[in-house]
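According to this note's numbering, the sequence shown is numbered sequentially starting from 2.
For each residue, glycine too, the CB sits at the ideal point set by N, CA and C.
Because the structure is a prediction, the values reported are computed rather than measured.
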Amino acid sequence: MHSDVDTLFRALWEDYRAVTPSADRIHGLLAERENTAIVNDHIALRTFNLAPVGLDALAAHFLALGYQPGGEYHFESKKLYARHYEHPDPEVPKVFISELLVEQCSDQLQAVVQGLVDQINPKRVQADDFLYSGRHWNLDYSTYRQLLEESEYAGWLAAWGYRANHFTVSINHLDTIHSVPDINTLLKEQGFSVNASGGEVKGSPQDCLEQSSTMADRVTAHFTDQDAVIPSCFYEFAKRYPMANGKLYSGFVAASADRIFESTHS
Ligand code: OOG
Ligand code: NI
């Protein structure tokens, strides 16, 4: 891989695996079976659409590495907007970045979220390590619960901050497993829980993309007033199919993404 891209993804992975023990175990399990390295299809990041941390501020890190903007996705009921980014080298992981449309939320949520974002040092947002820098604000447990009640996304983001919320194994690059149902069977045999929202397999060959994911691990998070066990991050699996022109589809499927967001629900 390109060394600066490689450096970023290694750091993102180290941060992610530390709070996602099941991804680390599944990765180990696959690595044992496979003759070649596990390739990532994509990762995802979340943010609030408020300066200085809107989607574009996160995307700037990837544009600087040669990524280009791909499709746009709208999630009306979750009040989210997303875009994906891809690198000219198709072997480099794609990136899915979403943002909460804060102005569509309640006055209460808007005030709380503005108070969190105000604690960010704007200079940190451009720093190389920002995308795996976690939380930049104080948060007590009851404020977390309050956000969660209105928006699971807002609660998750307030608790975990800036980090990859999932990595995604490219099934196309595996040599011992060739389908999403086969991955799901293996996961369940090994005792992992598969996100069943809308069915365990999201998407179809007609969509040119099939996906599944684990449910997020439950790990201890530190709030200002107490520690609590809450959902952290999850692992995803994707199989891409060629389009009519013969090229592998490189976008996302909004209806599937809508359900994959729910992998971090409690
Ligand atoms: C992103 C959910 C969407 C996909 O592959 O469609 C997604 C998120 O949970 O932040 O990852
Ligand atoms: Ni994904």
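Option in the options with minimal Cα separation from residue i
i	options	result
V5	L56, H62, P70, D57	It is worth fixing the name first, because residue 5 is Asp in this sequence and not Val. The shortest C-alpha separation from D5 is found at H62.
D42	Q191, Q212, T265, T169	T169
T186	Q207, T8, D176, S213	S213
L64	V230, H85, L30	H85
R136	Y142, L210, Y163, G116	Y163
Q115	K79, A155, E77, E87	A155
N246	Y17, C209, P89	C209
I27	Q207, L188, G200	L188
H219	S264, A112, D90	A small correction: the amino acid at residue 219 is Arg; His does not occupy that position in the sequence shown. For the residues S264, A112, D90, the minimum Cα distance to R219 belongs to S264.
L117	E153, P53, T8	P53
W73	H266, G252, I261	According to the sequence shown, residue 73 is Glu rather than Trp. Of the candidates H266, G252, I261, the one whose C-alpha sits nearest the C-alpha of E73 is G252.
S107	A128, A83, E150, I98	E150
D228	Y145, F49, A239	Y145
F49	L101, L31, Y68	L101
V272	Q69, E77, G200	Outside the shown range of the chain (2 to 267) lies residue 272, about which nothing can therefore be said.
I39	Q207, A256, I178, S198	I178
Helix, strand or coil at residue i according to DSSP, with G and I counted as helix
i	result
F10	helix
V195	strand
H85	strand
S257	helix
H28	helix
H174	helix
V103	helix
R164	coil
P232	strand
F49	strand
V96	strand
K124	helix
D42	strand
G135	strand
L249	strand
Where the alpha helix (DSSP H) through residue i begins and ends
i	result
Q69	Q69 -> not in any alpha helix (DSSP H); beta strand (DSSP E) instead, spanning 69-76.
K189	181-190
R219	Counting along the chain, R219 falls outside any alpha helix (DSSP H), though it belongs to the beta strand (DSSP E) covering 219-223.
Y142	142-151
A60	56-64
Segment limits, beta strand (DSSP E) that includes residue i
i	result
Y236	235-241
F168	167-171
Q111	Note, Q111: premise wrong, no beta strand (DSSP E); alpha helix (DSSP H) at 108-118.
L210	210-214
Status (buried if at least 16 other CB within 10 Å, exposed otherwise) for residue i
i	result
M216	buried
R241	buried
N139	exposed
P243	exposed
L249	exposed
E237	buried
E104	exposed
E15	exposed
D259	buried
G204	buried
N36	exposed
P22	exposed
K95	buried
V230	exposed
Interface flag, residue i vs chain D, CB-CB below 7 Å
i	result
Q120	As a matter of chain content, chain D is missing from the structure shown, which is built from one protein chain.
Near the ligand PLP: residue i beta-carbon under 6 Å from a heavy atom
i	result
R125	With respect to the ligand PLP, the structure shown offers nothing to examine, as its ligands consist of the ligand OOG and the ligand NI.
Q. Just the residues with CB closer than 6 Å to a heavy atom of the ligand NI, in chain order, which are they?
A. In chain order, the qualifying residues are H43, A45, F97, H167, T169, E237, I261.
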